[in-house]
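So the sequence shown is residues 2 to 166, counted in the working numbering. C-beta atoms are modelled at their ideal positions from N, C-alpha and C, and glycine is treated no differently. Small disclaimer: the values here were computed from a predicted structure and weren't measured. Notes follow the structure.
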Amino acid sequence: SLFDADGSRFVGAGNYAEIFRDPVTLQAIRNSAIWIVVAPTLLTGLGLILAVLVEKVRWATAFKLLLFLPMAVSFLAAGIIFRLAYEEEPDKGVLNAAVVGVHDAFKDTSSYPAARAREGQGLTKGPDGSYVTSRPVSPGDSALLGLVGVAPEDVPAEAEPARAA
2 SLFDADGSRF VGAGNYAEIF RDPVTLQAIR NSAIWIVVAP TLLTGLGLIL
52 AVLVEKVRWA TAFKLLLFLP MAVSFLAAGI IFRLAYEEEP DKGVLNAAVV
102 GVHDAFKDTS SYPAARAREG QGLTKGPDGS YVTSRPVSPG DSALLGLVGV
152 APEDVPAEAE PARAA
């Protein structure tokens with residue numbers, strides 16, 4: 002956040018100053034401030050009125066049940082829906098399965114699941130298994146990354162060794 006868009010020049014707090022000069026951002030901050038003040042005030046007032054009225058009604062228990070049951074059921078239903086939608090395994094999670102299905106429709110699955118980056122190629126393995134380049138790569142540049150761990154019988158016959166252009 003302290004560098005320009007391509008990460009090559011230090012701009013300090015310039016990006017943050019730019020945010021607060023943007024009229025769209027200022028409008029969003031004003032709208033947020035209104036919601037922070039108005040919504041809780043109205044909801045607290047409505048809740049207080051309902052709480053007082055519920056105590057005055059003859060069928061108070063039935064009224065409370067009718068008032069609070071939809072809230073309890075909706076939280077339960079939302080929890081179940083989120084669990085089903087975001088299940089990690091693609092054969093169980095609806096959204097994950099949809100994303101994997103769209104991906105697989107346009108791109109073949111990896112032929113080399115055991116492949117990994119060769120040591121000394123400018124990549125450092127992170128604690129989460131990801132790789133980070135040790136040298137900067139600008140947009141549009143090519144980075145040659147050697148892979149190891151590919152079984153020779155999995156390599157297509159027409160494959161050629163990688164070399165710098």
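Residue span of the beta strand (DSSP E) that contains residue i, given as start and end
i, result
"Lys126", "Leu124 to Lys126"
Buried versus exposed call for residue i [16 or more other C-beta atoms within 10 Å across all chains shown]
i, result
"Leu66", "exposed"
"Leu27", "exposed"
"Leu124", "buried"
Pairwise C-alpha distance: residue j and residue i
i, j, result
"Ala115", "His104", "20 Å"
"Val156", "Ile20", "50 Å"
"Pro24", "Arg31", "10 Å"
"Ala86", "Gly80", "10 Å"
"Leu43", "Gly127", "49 Å"
"Leu49", "Ala40", "14 Å"
"Leu148", "Glu161", "13 Å"
"Leu51", "Leu68", "10 Å"
"Ile35", "Glu56", "32 Å"
"Gly150", "Met72", "54 Å"
"Gly1", "Glu120", "The structure shown has nothing for residue 1, since the chain only spans 2 to 166."
"Val100", "Leu3", "33 Å"
"Val38", "Gly94", "38 Å"
"Arg164", "Gly141", "18 Å"
"Thr45", "Trp60", "23 Å"
"Val133", "Phe64", "59 Å"
"Ser131", "Arg117", "10 Å"
Range of the contiguous alpha helix (DSSP H) that encloses residue i
i, result
"Tyr17", "Gly15 to Arg22"
"Gly102", "Val95 to Phe107"
"Ser75", "Ala61 to Ala86"
Beta-bridge pairing of residue i - partner residues as DSSP gives them
i, result
"Val133", "Thr125"
"Phe11", "Phe4"
"Ala118", "Leu148"
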